[in-house]
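Have a look at the structure below, then the notes.
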Amino acid sequence: MLTMSTLFRYKSDMSDHTTIPDNPGKIAFHHGDLRRSLLDATLSLIAVNGVQGFTLREAARAAGVSHNAPYRHFPSRTHLLVELAIEGQGLLLDALKNSGKRIVDPRERIVRVGMAYMDFAVKHTALFRVMFSSDVARNRTSELKAAQDATFLHFESELRANEQAGVIREGAIQEHALVGWSALHGAAMLILDGVLDNTEVAAHRKPREIARLVLESLLNGIQQPAQPEKRRSSK
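According to my numbering, the sequence shown holds residues 7 to 241 in order.
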């Protein structure tokens with residue numbers, strides 16, 4: 007059972023390849039920390055029933071506490087989802103930063119960032135769906151907005167490093183970052199929903215290979231044009 011407490015336990019161990027466990031096994035909820043127990047229980051329910059498939063009463067039951075206990079920390083199920091989304095964005099940002107930590111080439115570094123994004127979506131699908139759910143989007147707090155912005159700004163900064171290195175043409179970095187992130191996120195959702203399973207171009211590719219394809223296609227489209235060779239004047 008994947009819980010948020012397990013994610014945080016492994017957070018400090020992340021390297022170039024994020025080491026959050028895929029299936030850490032059943033983990034007991036710690037009732038000494040009611041908030042943590044409820045977040046863990048909710049994530050477990052969502053992994054089985056989807057973002058819409060839980061109530062605060064069900065989360066309380068899964069955590070082994072009274073049905074009134076959640077209201078000490080979360081006025082509604084939406085507040086609980088937003089809290090999960092904030093924590094998820096922080097974990098995602100750490101994964102993106104760690105993915106390119108030892109890579110000097112800016113082009114390869116942003117590709118690795120895209121691959122880390124895809125890895126996170128595939129390995130932590132329940133949390134990823136919470137982070138980008140309509141319930142969360144409609145109830146975005148200033149704290150959540152700051153967490154989301156930080157993730158996007160990291161992607162944008164890696165793209166800007168490619169601009170400064172002359173890999174891509176100058177200008178419109180924010181627009182290019184938006185296009186790249188949208189394509190990457192769209193590919194991740196298509197994979198999670200199984201839409202690409204039967205497509206010829208994607209069926210034989212691993213998710214992180216598709217992420218590489220998306221980012222390299224973006225970079226190829228906005229790369230610095232080759233300078234034409236100057237003709238030698240004949241005398």
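C-beta atoms are modelled at their ideal positions from N, C-alpha and C, and glycine is treated no differently.
Problem set entry | CA-to-CA distance, residue 158 to residue 187, given in whole angstroms | By one-based count along the sequence shown, residue 187 stands at place 181. By one-based count along the sequence shown, residue 158 stands at place 152. One C-alpha to the other measures close to 8 Å.
Exercise. Excluding sequence positions up to five away, which residues of its chain have a Cβ less than 7 Å from the Cβ of residue 99?
Worked result: Within the sequence shown, the letter at position 93 stands for residue 99. Here the set comprises 156, 157, 160.
Exercise. Just reading off the alpha helix (DSSP H) that residue 228 is part of, what are its end residues?
Worked result: To locate residue 228, count along the sequence shown from 1; it is residue 222. No residue range can be given for residue 228, since it is assigned to no alpha helix (DSSP H) and is classified by DSSP as neither H nor E.
Exercise. In chain order, what residues of the same chain have a beta carbon less than 6 Å from the beta carbon of residue 223, not counting five sequence neighbours either side?
Worked result: One-based indexing of the sequence shown puts residue 223 at position 217. So no residue of the chain qualifies.
Exercise. How big is the Cα-Cα spacing for residue 180 and residue 162?
Worked result: Here residue 180 is taken as the residue at index 174 of the sequence shown, counted from 1. Here residue 162 is taken as the residue at index 156 of the sequence shown, counted from 1. The straight-line gap from Cα to Cα measures roughly 7 Å.
Exercise. With C-beta atoms as the reference, is residue 48 less than 8 Å away from residue 90?
Worked result: Along the sequence shown, read from residue 1 onward, the residue named residue 48 stands at position 42. Along the sequence shown, read from residue 1 onward, the residue named residue 90 stands at position 84. Yes, the Cβ-Cβ distance between residue 48 and residue 90 is below 8 Å.
Exercise. Whose CA, out of 138, 154, 121, 227, lies closest to the CA of residue 211?
Worked result: Here residue 211 refers to the residue found at position 205 when the sequence shown is read from its first residue. Taking only the C-alpha atoms, the option nearest residue 211 is 121.
Exercise. Can you find at least 3 beta carbon pairs, one from the segment 125-142 and one from the segment 189-205, that sit closer than 8 Å?
Worked result: In short, these stretches touch, since the Cβ pair count reaches three.
Exercise. Straight-line CA distance for residue 86 to residue 41?
Worked result: For the purposes of this step, residue 86 is taken as residue 80 along the sequence shown, with counting starting at 1. For the purposes of this step, residue 41 is taken as residue 35 along the sequence shown, with counting starting at 1. Each residue's Cα considered, the two are about 9 Å apart.
For this session: Could you please give the first and the last residue of the uninterrupted alpha helix (DSSP H) stretch that includes residue 100?
Result: Your numbering for residue 100 matches position 94 in the sequence shown. It spans 83-105 - the alpha helix (DSSP H) in which residue 100 sits, taken as one unbroken run.
For this session: Mind reading off the beta-carbon distance from residue 123 to residue 102? Whole number of angstroms is fine, and I expect it under 8 Å.
Result: Start at 1 with the first residue of the sequence shown, and residue 123 comes out as number 117. Start at 1 with the first residue of the sequence shown, and residue 102 comes out as number 96. Correct: roughly 6 Å between the Cβ atoms.
Problem set entry | residue 74 versus residue 68: straight-line alpha-carbon distance, rounded | Residue 74 sits at position 68 when you count from the first residue of the sequence shown. Residue 68 sits at position 62 when you count from the first residue of the sequence shown. Taking the straight line joining both Cα atoms gives about 13 Å.
Exercise. Taking the DSSP output, what are the residues bridged to residue 174?
Worked result: For this step, residue 174 is matched to residue 168 along the sequence shown. Answer is 229.
Exercise. Between residue 201 and residue 218, what straight-line distance do the alpha-carbon atoms span, to the nearest angstrom?
Worked result: For the purposes of this step, residue 201 is taken as residue 195 along the sequence shown, with counting starting at 1. For the purposes of this step, residue 218 is taken as residue 212 along the sequence shown, with counting starting at 1. Approximately 18 Å, taken between the alpha carbons.
Exercise. Pick from 92, 229, 118, 230: whose alpha carbon is nearest that of residue 104?
Worked result: One-based indexing of the sequence shown puts residue 104 at position 98. For the residues 92, 229, 118, 230, the minimum Cα distance to residue 104 belongs to 118.
For this session: Compare the Cα-Cα distances from residue 109 to each of 176, 216, 168, 185 and report the closest residue.
Result: Translated into positions along the sequence shown, residue 109 becomes position 103. Comparing Cα-Cα distances from residue 109 to each of 176, 216, 168, 185, the minimum goes to 168.
Exercise. Can you tell me where the alpha helix (DSSP H) with residue 186 in it begins and where it stops?
Worked result: As a first step, residue 186 must be located in the sequence shown, where it is residue number 180. Segment 179-198, the alpha helix (DSSP H) holding residue 186.
Problem set entry | Distance between residue 174 and residue 216 (C-alpha atoms, nearest Å) | Numbered from its first residue, the sequence shown carries residue 216 at position 210. Numbered from its first residue, the sequence shown carries residue 174 at position 168. For residue 216 and residue 174, the distance between alpha carbons rounds to 21 Å.
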